[in-house]
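Numbering (the working numbering), first residue to last: 3 to 554.
This is the structure:
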């Protein structure tokens, strides 16, 4: 239980991200079934997309049931362990009631969809959709507001509805494109889904602008708070989605004039739209862990502080001694005092105890050194990838440079833990920041292995080639949920301000590489060429950002 309490903050964000994803897919699948698959079935001949749509929505509803139940169980367990409340008391709270309602509604939805498939009745499904949306809004920031609560709940519901219609419907849209074999059918489904997506975009725009005005308030709230910065990241990804969706709309219109037009680009862009949509869902989950900007009137970062912190300086390429760091120095002092008293030494820091580790100037220098050397490695990777793209065959071994980064991060990212510090390997995982760092190391090693084999040994396994872009995009998405254990709110905010562009660069690199692999270069030469150059440029950009990183 203590370990669960230690990791609660991070786990709650991850589980909430999975909840938003499964909710959008389930509700989007229901709306796709009711508004597109069934009405168009008579016009598609013998092609059955309704049954597959019901199956996708049904499995998504099961995922929603499990993730929502996990959320309620997690929050209940932590509250019972840390606050003087019984399980019954917690389950009467508004968030728990809303979660239980969502769980029951998801169970009924899954039973209807998987039991009756395409014959599942529309009215009960739509009613369950409305119940899910209503209950979901009671777990958002709007539920905690004292002013304009009713209006904000409606706006939050509209926002989630728009995401479900657009992003949540994409898996069903991809299934329809895969099963239909003629241009007329593709145009029919593409045109209907484009109109549905426009409604979803309109819902997101109206609700997003409204919530930004009410939750952020002013310009400084936008760039000077963690809430505002994460909203900014969502806006950037939303613009990516609009660009991809706009190009798909043009391709659907082209099908009107020429039914023989290839839909390869339409399918691949839709895949990337869904991937970026997942990143947006996790960014939205991360937003729930920070207060709205309008509520943070103190400790905001000023524009001048941002400029001062990000003014380029020469990278720090020499490291302070490990013994000069605050924690080892404090531990050494405690050991000396304990030896004088002939007593067992007290631990200077206990992972997961809720206390922040001490920091001094050497800790800042250590962190900057880590980021700058990591930046040099990533810049080298980006340059080698660009040279390889330009035709230099010897540069195809560029993925191996990432192994150096993984080893470097494993030893240097958390100096207070094994193998450099006194905190044991398993014990260190009680610290969320250590857990995140070690997870990134594993991701780097895995995608390095697969990408190097693909490039150096001409491994023709198509699935293996997709590991690098998927893990690169996943790493960027997880970086959006990354947090730093620093007592100074402004310093923490300034650090996260530099990590957000890194996350966006990782997401863009991953999905650009995905397009390079999945697009047909003969049918879509321009899109393929752009994608093949974008991802190494994004890696190079990430390396330059790391070289500019500062903590003081």
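Note that the Cβ used here is the ideal one computed from N, Cα and C, for glycine as well.
Output the distance between the C-alpha atoms of residue 216 and residue 496, rounded to the nearest integer angstrom.
23 Å
Tell me the residue span of the alpha helix (DSSP H) that contains residue 210.
185-217
Classify residue 413 as buried or exposed, calling it buried when 16 or more other Cβ atoms lie within 10 Å of its own Cβ.
exposed
If the criterion is Cβ atoms closer than 8 Å, does the pair residue 218 and residue 203 meet it?
no
In whole angstroms, what is the alpha-carbon distance linking residue 3 and residue 117?
Low local confidence applies: a pLDDT of 49 at residue 3 is under 50, so the model's placement there is unreliable, with the coordinate-based value given in what follows. Straight-line Cα distance between these residues: approximately 38 Å.
Any idea which residues DSSP pairs residue 419 with across the strands?
425
Best match in 465, 279 and 211 for proximity to residue 26 [C-alpha to C-alpha]:
279
Residue 283 and residue 23 - do their beta-carbons sit closer together than 8 Å?
yes
Tell me the DSSP secondary structure of residue 344 in three-state form.
coil
Span separating the alpha-carbon of residue 317 from that of residue 372
10 Å
Just to confirm, are residue 327 and residue 365 a CB contact at a threshold of 8 Å?
yes
So, is residue 433 buried or exposed, given that buried needs 16 or more other C-beta atoms within 10 angstroms?
buried
Go ahead and label residue 41 buried or exposed: buried means 16 or more other beta carbons lie within 10 angstroms of its beta carbon, across all protein chains shown.
exposed
Run the CB neighbour count on residue 252, radius 10 Å, all protein chains shown included, and call it buried at 16 or more, exposed below.
exposed
When the Cα of residue 124 is compared with those of 38, 459 and 431, which residue comes out closest?
38
Report yes or no: do three or more beta-carbon pairs, one from the segment 288-297 and one from the segment 173-187, lie closer than 8 Å?
no
Is it right to say residue 36 is buried, meaning 16 or more other beta carbons lie within 10 angstroms of its own, or is it exposed?
buried
Straight-line Cα distance separating residue 100 from residue 408:
42 Å
Suppose contacts are defined by Cβ-Cβ distances below 8 Å. Is residue 535 in contact with residue 475 by that definition?
no
Please say whether residue 382 and residue 390 have beta carbons closer to each other than 8 Å?
no
Pull up the distance between the alpha-carbon of residue 205 and that of residue 351, whole angstroms please.
48 Å
Minimum length 4: unbroken alpha helix (DSSP H) runs contained in the segment 99-187:
124-139, 151-168 and 172-181
When the distance is taken between beta carbons, is residue 368 closer than 8 Å to residue 417?
yes
Residue range of the alpha helix (DSSP H) that residue 310 falls in?
305-312
Answer yes or no: do residue 145 and residue 96 have a C-beta to C-beta separation smaller than 8 Å?
yes
In angstroms, rounded to a whole number, what distance separates the CA positions of residue 446 and residue 62?
29 Å
Whole angstroms are fine: how far does the CA of residue 519 sit from the CA of residue 333?
51 Å
Suppose contacts are defined by Cβ-Cβ distances below 8 Å. Is residue 346 in contact with residue 285 by that definition?
no
How about residue 509 and residue 478: are their beta carbons less than 8 Å apart?
yes
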